[in-house]
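In what follows, a single structure is set out as structure tokens and then discussed.
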Amino acid sequence: MGDHYGFSLTTFSPSGKLMQIEYALNAVKNGQPSVGLKASDGVVLATENPSSPLYEEQAKIEKISKHIGCVYSGMGPDARLLVKRARKIAITYEDMYGEEISTTQLVTRLAAVMQEYTQSGGVRPFGVSLLIAGWDAEPGKPLLFQCDPSGAYFAWKATALGKNDTNAKTFLEKRFSETLELDDGVHTSLLTLRECFDVGMTEDNVEVAVCNSSGFHRLTKQQVKDHLGAL
Amino acid sequence: MSIMSYTGGTVLAMAGDDCVCIASDLRLGEQMNTVAVDQKKVHKISEKVYVGLCGFHSDAKTVLDKIMFRKNLYELRENRSIKPKVLATIISNLAYQHRFGSYFTEPLVAGLDPVSHKPYICAMDTIGNICTPEDFVAIGTGAEYLLGVSESFWRKGMNSEELFEATAQSMLSALERDAASGWGAVVYTITKDKVNIRTIKARMD
Chain A
3 MGDHYGFSLT TFSPSGKLMQ IEYALNAVKN GQPSVGLKAS DGVVLATENP SSPLYEEQAK
63 IEKISKHIGC VYSGMGPDAR LLVKRARKIA ITYEDMYGEE ISTTQLVTRL AAVMQEYTQS
123 GGVRPFGVSL LIAGWDAEPG KPLLFQCDPS GAYFAWKATA LGKNDTNAKT FLEKRFSETL
183 ELDDGVHTSL LTLRECFDVG MTEDNVEVAV CNSSGFHRLT KQQVKDHLGA L
Chain B
-14 MSIMSYTGGT VLAMAGDDCV CIASDLRLGE QMNTVAVDQK KVHKISEKVY VGLCGFHSDA
46 KTVLDKIMFR KNLYELRENR SIKPKVLATI ISNLAYQHRF GSYFTEPLVA GLDPVSHKPY
106 ICAMDTIGNI CTPEDFVAIG TGAEYLLGVS ESFWRKGMNS EELFEATAQS MLSALERDAA
166 SGWGAVVYTI TKDKVNIRTI KARMD
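Protein chains in written order, with the working numbering: chain A, 3 to 233; chain B, -14 to 190.
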């Protein structure tokens, strides 16, 4: 981790900003769109996963623990490392306390990792923002969080990241309601994602996952196709 | 001379219907000498979670301090009360970390889940192996005496008064026979509304 750089590369500008973090946020802004929506009985995560006839399928939405999963916008490789770290955090917690980590605890610990990379020698901030969806067994409620390259984290009812995120968020402000159930949540998320799509949405270039009391799982191609058909 | 019986002491915990009882003797000794007659081995960790620590008194105190440290940090981070099961896991891991140089104390956890109010009791050996029977657990120099007598006094689904009687009577029997424990007993009856603390007089030796 930056052997010969004892000093941080992320330094303040005269205006009080950390430009490296601003640039990292740009990397996120230019990334593929992703959407997160908290329904009354679960959370939905959806993202564009562009495919071509030459690609082998590679999932973008990842499971962190039984009841927590995440999606990202920005640099894939950075996200991969964070997911790996998050999984270790989750399983270490379980080993220490004999019970599953709550979403909030995972988010605070992962955000602390991201912050570390803005104040350590010879490293750069992560070029991703993560949307973390989880279900807490006690008291039995869904949670949606965003983790930024700066290490800041936000709890959301619904949000979007990546390309065209402002359009998507405007759309969500109109279409989101707290009484939505999971199925309607998937529907609304896909409609929102469509706002950000340049090309046509099919079950091959869209990935959807839900998180509810029975855990975090990705929807199958067929399930996505059915939802798209109902749009 | 065994280090585990140097200072002496016994703790018993029993589980009832939505209540638990945890009791300890009050003797602190140095082998044959009695040094204190008011040293309880049961400690309040949080409102409904109590811990009993027998064995070598010095290690028991050290482990108690470490337990409080971990519990405070946990409650600050998580912003909720710790569950007895989670505390037991923490203590077990702490003990096993010292697998080859262990603390000479056997921990016992008794309490009610802060949310569901379900009773929980468990006991561990010095390296943290957790045992979670549904009826009762006993640790310390008088543990063997307690196990036999508790077997006959304990029934499933006792209410708090019945549970107190069973726990107190079992403790009294153990204190009669165990030379390293005695000088009375203190019994904590934990229910979802309150914690009743009663001191009972036994043979004062």
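No residue lacks a Cβ here, since even glycine has one placed at the ideal position from N, Cα and C. All figures in this text were calculated on a predicted structure; none of them were measured in a lab.
Run of the alpha helix (DSSP H) containing residue i, from where it starts to where it stops
i	result
residue 10 of chain B	No alpha helix (DSSP H) holds residue 10 of chain B; the beta strand (DSSP E) holding it covers 4 to 10.
residue 75 of chain B	69 to 82
residue 145 of chain B	145 to 162
residue 205 of chain A	Careful: residue 205 of chain A lies outside any alpha helix (DSSP H) and carries neither H nor E.
residue 79 of chain A	78 to 99
residue 30 of chain A	21 to 31
residue 169 of chain A	167 to 177
residue 102 of chain B	Counting along the chain, residue 102 of chain B falls outside any alpha helix (DSSP H), and DSSP gives it neither H nor E.
residue 231 of chain A	223 to 231
residue 114 of chain A	105 to 118
residue 137 of chain B	128 to 138
Chain-order list of residues whose beta-carbon lies under 7 Å from that of residue i (same chain, five-residue window excluded)
i	result
residue 237 of chain A	Given that chain A is displayed from residue 3 to residue 233, the structure contains no residue 237 of chain A and the question cannot be resolved.
residue 10 of chain A	121, 122, 123
residue 20 of chain A	12, 14, 120
residue 60 of chain B	66, 67
Nonlocal neighbours in the same chain, by C-beta distance under 6 Å from residue i, ignoring five residues either side
i	result
residue 181 of chain B	174
residue 147 of chain B	none
residue 156 of chain A	148
CB contact flag (residue i, residue j, <8 Å)
i	j	result
residue 191 of chain B	residue 105 of chain B	The first residue shown for chain B is -14 and the last is 190, placing residue 191 of chain B beyond what the model contains.
residue 80 of chain B	residue 37 of chain B	no
residue 8 of chain B	residue 171 of chain B	yes
residue 33 of chain A	residue 76 of chain A	yes
residue 36 of chain A	residue 85 of chain A	no
residue 221 of chain A	residue 211 of chain A	yes
residue 38 of chain A	residue 181 of chain A	no
residue 72 of chain B	residue 94 of chain B	yes
residue 10 of chain B	residue 157 of chain B	no
residue 2 of chain A	residue 191 of chain A	One cannot answer for residue 2 of chain A here, as it falls past the ends of chain A, which runs 3 to 233.
residue 152 of chain A	residue 66 of chain A	no
residue 183 of chain B	residue 167 of chain B	no
residue 145 of chain B	residue 1 of chain B	yes
residue 135 of chain A	residue 218 of chain A	yes
residue 39 of chain B	residue 111 of chain B	no
residue 126 of chain A	residue 119 of chain A	yes
residue 40 of chain A	residue 158 of chain A	yes
residue 141 of chain A	residue 213 of chain A	no
residue 88 of chain A	residue 130 of chain A	no
residue 149 of chain B	residue 89 of chain B	no
Environment of residue i [buried if 16+ CB atoms lie within 10 Å]
i	result
residue 116 of chain B	exposed
residue 21 of chain B	exposed
residue 148 of chain A	buried
residue 17 of chain B	exposed
residue -11 of chain B	buried
residue 143 of chain B	buried
residue 56 of chain A	exposed
residue 183 of chain A	exposed
residue 107 of chain A	buried
residue 201 of chain A	exposed
residue 146 of chain A	buried
residue 64 of chain A	buried
residue 116 of chain A	buried
residue 32 of chain B	exposed
residue 173 of chain A	buried
Span of the beta strand (DSSP E) around residue i
i	result
residue 36 of chain B	34 to 40
residue 181 of chain B	180 to 185
residue 36 of chain A	36 to 41
residue 186 of chain A	Segment 184 to 198 is the alpha helix (DSSP H) holding residue 186 of chain A; no beta strand (DSSP E) there.
residue 18 of chain B	18 to 21
residue 14 of chain B	13 to 15
residue 117 of chain B	Neither: residue 117 of chain B is in no beta strand (DSSP E) and is coded neither H nor E.
residue 148 of chain A	143 to 149
residue 29 of chain B	27 to 31
Beta-carbon proximity list for residue i, same chain, < 8 Å, skipping 5 on both sides
i	result
residue 154 of chain B	134, 138
residue 103 of chain A	67, 70, 91, 92, 95, 96
residue 27 of chain B	-4, 7, 8, 9, 35, 36, 37, 171, 173
residue 76 of chain B	36, 48, 52, 92, 94, 109, 113
residue 224 of chain A	205
residue 12 of chain B	-7, -6, 19, 21, 22, 24, 165, 166, 167, 168
residue 207 of chain A	50, 51, 52, 53, 201
If contact means a Cβ-Cβ distance below 9 Å, which residues of the segment 94 to 126 of chain A contact chain B? If the cut-off is 9 Å between Cβ atoms, the segment 94 to 126 of chain A has 97, 98, 99, 100, 101, 104, 106, 107, 110 near chain B.
Residues, ordered as in the chain, of the segment 184 to 199 of chain A that lie near chain B by beta-carbon distance below 8 Å: none
Between the segment 74 to 86 of chain B and chain A, which residues of the former have CB atoms less than 7 Å from a CB of the latter, in chain order? So the list reads 74, 75, 78, given in the order they occur along the chain.
Determine which residues of the segment 135 to 149 of chain A have a Cβ less than 9 Å from any Cβ of chain B, and write them out in chain order. Answer in chain order: 140, 141.
If contact means a Cβ-Cβ distance below 7 Å, which residues of the segment 102 to 133 of chain B contact chain A? none
Relative to chain A, which residues along the segment 43 to 63 of chain B have a C-beta separation below 9 Å, given in chain order? 59, 62, 63
Taking a cut of 9 Å between CB atoms, which residues from the segment 13 to 44 of chain B lie near chain A? Listed by position, the residues of the segment 13 to 44 of chain B near chain A (Cβ gap below 9 Å) amount to none.
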